[in-house]
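Residue numbering for the sequence shown follows the numbering used here, starting at 65 and increasing by one per position. Here's the structure we're looking at; comments come further down.
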Amino acid sequence: MRWMWIDRVIAFEPRKRLVAVKNVSLAEEHLHQHFAAEGALAPCPVMPSSLILEGMAQTAGILVGSVHDFREKVVLAKVASATFERDIHPGETLRYDATIERMDDMGASTVGIVDRYSFVDNAWAPVGRIELMFSHLDQNRAGTEFPEENFVFGENFRTLLEGAGLRKFTRL
Numbered sequence: 065m066r067w068m069w070i071d072r073v074i075a076f077e078p079r080k081r082l083v084a085v086k087n088v089s090l091a092e093e094h095l096h097q098h099f100a101a102e103g104a105l106a107p108c109p110v111m112p113s114s115l116i117l118e119g120m121a122q123t124a125g126i127l128v129g130s131v132h133d134f135r136e137k138v139v140l141a142k143v144a145s146a147t148f149e150r151d152i153h154p155g156e157t158l159r160y161d162a163t164i165e166r167m168d169d170m171g172a173s174t175v176g177i178v179d180r181y182s183f184v185d186n187a188w189a190p191v192g193r194i195e196l197m198f199s200h201l202d203q204n205r206a207g208t209e210f211p212e213e214n215f216v217f218g219e220n221f222r223t224l225l226e227g228a229g230l231r232k233f234t235r236l
């Protein structure tokens, strides 16, 4: 099973920027464990920072992969930095805004800004900033076989792109 931590692509500037959103719902099982009720403490469901980071990695990875029409196997090579200013709760929407800082044959570096929309406050607010580095496996490990199922660019990914009107990329 491939976990998708973005729901929809809302903006795309080829070779530059991709923006995606994730609606956080109490129906998501991981929220019941993070943080569950304990003793006299009431439950306080919060989206784990690691999953917020994964959502940005998927957003930025799609952007990096799109540069070469998804012909390269793109993998997350390094989390250069990640800072988070606030927790994310059910009922809020995350917005991942990824931009490419550097791109070459071996990989790319990206910067991502994460915001959240609270329907209670009726406003966007900053959540954090994430700097990621990606590697092109085909360039860096030429001759090595890598199973296709290990990469994000599968059927769910195609459906996500098609829903965003990016049909050009769904014929992989």
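Every residue gets a Cβ at the ideal spot worked out from N, C-alpha and C, and that includes glycine. Keep in mind that this is a model prediction, so the values were computed, not measured.
- Setting aside the 5 residues that flank it on each side, Trp69 is surrounded in the same chain by Lys86, Leu115, Glu118, Gly119 and Gln122, each with a C-beta closer than 7 Å to its C-beta; the list follows chain order.
- Inter-residue distance for Leu196 and Ala101 is about 34 Å (C-alpha atoms, whole angstroms).
- With 16 or more other CB atoms across the displayed protein chains lying within 10 angstroms of its CB, Thr174 is buried.
- Look at Leu230 here: in three-state DSSP terms it is coil, with no helix or strand label.
- Under the 10 Å beta carbon count, Pro109 is surrounded by 16 or more other beta carbons and is classified as buried.
- Glu136 counts as buried, since no fewer than 16 other beta carbons sit within 10 angstroms of its beta carbon.
- Cβ-Cβ distances below 7 Å link Val139 to Phe198, Ser199 and Leu201 in the same chain, with the five nearest sequence neighbours on each side left out; the list follows chain order.
- In the displayed model, Arg193 falls within a strand according to three-state DSSP.
- For His98, the closest alpha carbon among the candidates Leu90, Pro112, Ala104 and Ala75 is that of Pro112.
- Secondary structure note for Ser145: its beta strand (DSSP E) is the uninterrupted segment Val138 to Phe148.
- In chain order, Asp179 and Tyr181 place their CB closer than 6 Å to the CB of Trp188, counting only its own chain and leaving out the 5 sequence neighbours on each side.
- Counting only the Cα atoms, Ala84 lies some 18 Å from Asp133.
- If you ignore the 5 residues before and after Arg81, its C-beta comes within less than 8 Å of the C-beta of Ala75, Leu127, Asp161, Ala162, Thr163 and Ile164, all in its own chain and listed in chain order.
- Taking Val143 as reference, the option from Phe183, Glu93, His94 and Ile194 with the minimal CA-CA separation is Ile194.
- With contacts defined by Cβ atoms closer than 8 Å, Gly192 and Thr147 form a contacting pair.
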